[in-house]
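J.: Before I ask anything, let me first share the structure, which is written out below as structure tokens.
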Amino acid sequence: MKTRSNKKSIIANTVRHNDNPIDNQDDNQDDIILPLPLIFREMIDRALAEQPNNEEPNDGGDDSTKSRSRKRSKKNNNEDDDQPKTKKTYKPRINPQDDEENEDNEDRPELPSIIPLLFGGGFSPRGSGKQSKQQQLKRRILDSGMLEKDKKYVLSRLENIDVEKEKAVEWFESLLKVPFGKYADTPIKAEHHPERIHKYFDDAYEKLDEAVYGMDKVKEDIINYIAQFISTNNKSSPRVIGLHGSAGIGKTVIIRRGLAEVLGRPMKTISMGGIRDSATFVGFEYTYSGSRYGMLSQCLMDAEVMNPIIFMDELDKISLTNDGMDIQNLLIHITDPVQNMTYQDKYFSGVTVDLSKVIFVFAFNDVNLIHPILKDRINIINVPDPDLEAKIIIGKKYLVKEISPNIGFTEGNIIFSDDIIRYIIKTYCNKDKGVRGLKKCIETIMLKINTARFLGSRQKYKTLKEIKLPFEVNEKVVKELLPEEKNSKEEEILSHMYL
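Using our numbering, the letters of the sequence shown map in sequence onto residues 140 to 638.
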């Protein structure tokens with residue numbers, strides 16, 4: 140019977156080489172034996188010599204294992220001494236499936252158990268374990284678009300953490316969500332053919348007109364802004380835009396459906412009215428329990444590029460407390476083209492987050508409540524209030540079109556004439572400077588018409604007894620479907636309660 144040490148020597152000096160896996164399934168086919176280079180034979184010899192000998196008798200061992208061992212012993216004892224000895228080779232055991240093909244598998248060392256001894260304990264052939272997780276993070280850090288100095292800092296931090304702790308790994312996973320070095324391209328470039336550029340700006344004007352009615356001065360400023368990006372091939376520092384005007388006149392819409400779509404940039408919105416302190420923007424330090432990164436980093440992660448549009452609404456609603464002043468100072472910092480390329484989130488302290496390519500857009504109603512230094516950084520565009528005739532056009536061509544698909548109507552199913560929209564404005568929302576009140580009225584009417592066509596005899600409105608599409612809204616329908624007139628002194632008081 141061959142001893143385990145003899146088998147180790149055999150394994151160290153030879154290796155099976157299968158040129159054709161299918162042909163080699165034949166047990167009768169001769170093995171092709173290739174000698175290993177001397178240096179690897181010595182390495183495997185040393186590795187196997189250090190393996191503990193597990194052939195000692197074990198009373199508590201598996202009966203099946205003992206049985207196989209007895210069968211091999213009996214077989215070897217019955218061998219004819221005169222029979223010529225044939226050198227036997229053993230294929231290293233790579234995975235448990237080998238057990239079914241060779242009953243001597245327990246005498247063959249598993250390949251994964253040898254490799255770490257040869258190449259150091261850090262090698263993990265299964266792709267698991269602490270070292271493997273660190274290697275994965277290291278590779279992702281090196282492949283990221285971080286500055287080289289930041290990569291060195293993050294890698295040094297990686298060497299000193301326990302990747303088995305969820306909080307430690309979460310920091311690296313969160314940081315790698317920031318799209319360092321990734322930027323959205325402008326759809327057109329200065330070197331493109333003039334006809335292509337002209338077509339691009341024709342489409343840009345069309346998108347702006349589809350987004351909002353009127354606002355010609357605002358649209359002109361946006362076109363100038365886009366032209367600057369194209370002439371500089373996206374290398375110029377973005378101007379900070381400020382839209383000053385009443386609530387509900389389309390400031391958000393012209394940026395989301397106008398500027399963002401024309402430039403091909405993702406847009407993220409932050410409502411300033413509900414933010415209490417600057418920590419919401421800059422995050423909390425990693426050492427605090429439950430800490431996380433700030434809203435600016437979150438915007439970049441969601442946008443998946445470093446040059447999105449970040450729209451900050453209700454800038455004038457920031458509190459006048461010390462915490463409010465901290466927010467204003469932060470905004471002064473991130474809108475400064477000299478400083479915003481070295482911004483740091485407190486949660487990712489030590490890592491630079493470049494905000495210099497972000498397009499910041501602010502919207503506000505009262506320009507006098509903006510910090511003087513911040514106001515000086517903003518290119519303010521005054522958005523005029525729509526007059527009565529403009530509201531009628533907005534209601535008929537924009538609001539009805541926008542609301543219809545959300546309720547299940549197609550364009551033209553519900554008809555509002557100019558006179559009916561004028562009646563709604565004068566009776567129910569005459570004091571609104573914008574069109575939010577008008578939108579709510581139109582939406583309420585359309586919702587009740589939609590419900591009534593399904594209820595049949597159970598619906599309570601006399602004017603909606605028989606509904607056939609297209610359905611034209613008249614004054615009787617408006618009076619029955621809308622609540623009592625809102626243009627009262629009480630309504631005016633309520634509308635200014637939270638200002």
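Ideal placement from N, C-alpha and C gives every residue a C-beta, glycine not left out.
Because the structure is a prediction, the values reported are computed rather than measured.
In angstroms, rounded to a whole number, what distance separates the CA positions of residue 389 and residue 501?
T.: When rounded, the distance between both Cα atoms is 13 Å.
J.: How do the stretch 592 to 599 and the stretch 547 to 564 stand: do at least 3 beta-carbon pairs fall below 8 Å, yes or no?
T.: No: the two stretches stay apart, fewer than three of their Cβ pairs being nearer than 8 Å.
J.: How far does the alpha helix (DSSP H) with residue 576 in it reach, from first residue to last?
T.: It spans 575 to 594 - the alpha helix (DSSP H) in which residue 576 sits, taken as one unbroken run.
J.: Would you mind sorting residue 593 into buried or exposed? The rule is 16 or more other CB atoms within 10 Å of its CB.
T.: Label assigned to residue 593: exposed.
J.: How is residue 330 classed by DSSP in three states: helix, strand or coil?
T.: The answer is coil: DSSP assigns residue 330 none of H, G, I, E or B.
J.: Quick check on residue 487: does DSSP put it in helix, strand or coil?
T.: Reduced to three states, the DSSP call for residue 487 is coil.
J.: Where residue 517 and residue 373 are concerned, what is the direct C-alpha to C-alpha distance, given to the nearest angstrom?
T.: Residue 517 and residue 373: Cα-Cα distance of roughly 20 Å.
J.: When burial is assigned at 16 or more other CB atoms within 10 Å of the CB, is residue 492 buried or exposed?
T.: Residue 492 should be labelled buried.
J.: Have a look at 481, 298, 365 and flag the residue whose alpha-carbon is nearest the alpha-carbon of residue 271.
T.: When each option's Cα is compared against that of residue 271, the closest is 298.
J.: What residue from 514, 535, 605, 610 has the CA that sits closest to residue 382's CA?
T.: The shortest Cα separation from residue 382 among 514, 535, 605, 610 belongs to 514.
J.: Quick check: what's the CA-CA separation for residue 409 versus residue 455?
T.: Cα to Cα, residue 409 sits roughly 13 Å from residue 455.
J.: For a quick check, are the C-beta atoms of residue 423 and residue 431 less than 9 Å apart?
T.: In contact: residue 423 and residue 431 (Cβ atoms closer than 9 Å).
J.: With 16 as the cutoff for other CB atoms within 10 Å, does residue 571 come out buried or exposed?
T.: It is buried - the Cβ of residue 571 has at least 16 other Cβ atoms within 10 Å.
J.: Write down the C-beta distance between residue 327 and residue 369 rounded to the nearest angstrom, noting that I regard them as a contact closer than 8 Å.
T.: Sure, about 6 Å apart at Cβ, within 8 Å.
J.: Verify whether the separation of the beta carbon atoms of residue 412 and residue 521 is less than 9 Å.
T.: Contact flag unset, no.
J.: Could you give the C-beta distance for residue 589 and residue 546, rounded to a whole number, given that I count them as a contact under 8 Å?
T.: Right, their Cβ atoms sit about 5 Å apart.
J.: Ignore the nearest five residues each way along the sequence and tell me which others in residue 313's own chain have a CB closer than 7 Å to its CB.
T.: Only 432 meet the Cβ criterion.
J.: Rounded to the nearest angstrom, how far is the Cβ of residue 534 from that of residue 555, given a contact under 8 Å?
T.: About 7 Å separates the two Cβ atoms, so the contact holds.
J.: Count the other C-beta atoms from every protein chain shown that fall within 10 angstroms of the C-beta of residue 323, then say buried if there are 16 or more, exposed otherwise.
T.: Answer is buried; the Cβ neighbour count reaches 16.
J.: Going straight from the alpha carbon of residue 428 to that of residue 279, what length do you get?
T.: Each residue's Cα considered, the two are about 26 Å apart.
J.: To the nearest angstrom, how far is it from the Cα of residue 305 to the Cα of residue 282?
T.: Looking at the two C-alpha atoms, the distance is approximately 23 Å.
J.: Is the beta carbon of residue 377 sitting closer than 9 Å to the one on residue 498?
T.: Taking 9 Å as the Cβ cut-off, residue 377 and residue 498 qualify as a contacting pair.
J.: In terms of residue numbering, what span does the alpha helix (DSSP H) encompassing residue 658 cover?
T.: With the chain represented from 140 up to 638, any question about residue 658 goes unanswered, as that position is not in the structure.
J.: Does DSSP put residue 521 in a helix, a strand or coil?
T.: Strand.
J.: With which residues is residue 654 paired in a DSSP beta bridge?
T.: This structure cannot settle anything about residue 654, because the visible part of the chain is limited to 140 through 638.
J.: In whole angstroms, what is the alpha-carbon distance linking residue 509 and residue 551?
T.: Approximately 44 Å, taken between the alpha carbons.
J.: Find the nearest neighbour of residue 307 within the set 291, 487, 557, judged by alpha-carbon distance.
T.: The shortest C-alpha separation from residue 307 is found at 487.
J.: For residue 559, which option in 406, 539, 482 has the closest C-alpha, if you only look at C-alpha atoms?
T.: Considering only alpha carbons, the answer is 539.
J.: Residue 421 by DSSP, collapsed to three states: which one?
T.: Of the three classes helix, strand and coil, the one that applies to residue 421 here is helix, per DSSP.
J.: Going straight from the alpha carbon of residue 296 to that of residue 375, what length do you get?
T.: Roughly 35 Å between the two C-alpha positions.
J.: One question on the structure: do residue 392 and residue 350 come within less than 9 Å of each other, judged by their Cβ atoms?
T.: Yes, the Cβ-Cβ distance between residue 392 and residue 350 is below 9 Å.
J.: Report the option in 364, 276, 523 whose CA atom is closest to the CA atom of residue 352.
T.: The shortest C-alpha separation from residue 352 is found at 523.
J.: Could you please give the first and the last residue of the uninterrupted alpha helix (DSSP H) stretch that includes residue 316?
T.: Premise fails: residue 316 is in no alpha helix (DSSP H) and is neither H nor E.
J.: Please work out which residues of its chain come closer than 7 Å, Cβ to Cβ, to residue 457, disregarding the five sequence neighbours upstream and downstream, and give them in chain order.
T.: Hits under 7 Å: 411, 463, 466, 467.
J.: Which partner residues of residue 381 appear in the DSSP bridge assignment?
T.: Note: residue 381 sits in a beta bridge opposite 501, 519.
J.: Since residue 492 sits in a beta bridge, which residues does DSSP pair it with?
T.: BP columns for residue 492 point to 482.
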